[in-house]
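In the working numbering, the protein residues as written are 858 to 1016. Every residue gets a Cβ at the ideal spot worked out from N, C-alpha and C, and that includes glycine. Here the structure is a predicted model, which is why all the values come from computation and not from measurement.
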Amino acid sequence: MKEKHIKWDKIFYGDDWVNNVVETIRTKDILQSVYLKRYLLRAMMAGFIIGIITVFVLSVKATHEPDLPPGIVNMASAITFSFALVLILFTNSELLTSNFMYFTVGLYYKVIKPTRVLKIFLLCFAGNILGAAILFSFMRFFKCNDARYVKSVISSYRA
């Protein structure tokens, strides 16, 4: 800490960060307008991943709830859920909540029109819901959940 002067561009992200966000917005806009099916598949993959990790989180809660204090179980569940976000990042999937951040910045800087943003939000939301619905349909069809598991998950959810 020999320096007395703060490099403000290292503390406040500034133009470099905004330029990266704007570039991401343009990429997402092109992706959904030219490669609609690909964009929808990326959104479905994010919904599928969130669904898988949600089942895993509920399983962790149901397994450890009788033995550990509720605060520890909730902390472990939150840490477990963060793996979903990492997987979504690594697989380049489209999660609606990340689009909220990007396109809010895009609307503020007038990079994209509100109608385009609404179309992207609806498409991403539909893909996320569809991906989760496919996962839960598979689970129901292949009977991945027996009565004991469902009962323990419901009881841990109420806690």
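>> What does the Cβ neighbour count give for Lys894, buried or exposed, with the cut at 16 atoms within 10 Å?
In response: exposed
>> Considering just the uninterrupted stretch of the alpha helix (DSSP H) at Thr954, what are its terminal residues?
In response: Leu953 to Tyr965
>> Only counting the same chain, and skipping five residues up and downstream in sequence, which positions put a Cβ closer than 7 Å to that of His921?
In response: Val930 and Ala933
> Quick one: Cα of Gly871 to Cα of Asn877, how far?
Replying inline: 10 Å
> By DSSP, does Phe998 sit in helix, in strand, or in coil?
Replying inline: helix
> Mind checking Val968: buried by the 16 CB within 10 Å criterion, or exposed?
Replying inline: buried
> Quick one: Cα of Ser916 to Cα of Leu964, how far?
Replying inline: 40 Å
> When you compare each of Ala989, Met996, Leu980 and Leu944 to Ser890 by their alpha carbons, which one comes out closest?
Replying inline: Leu980
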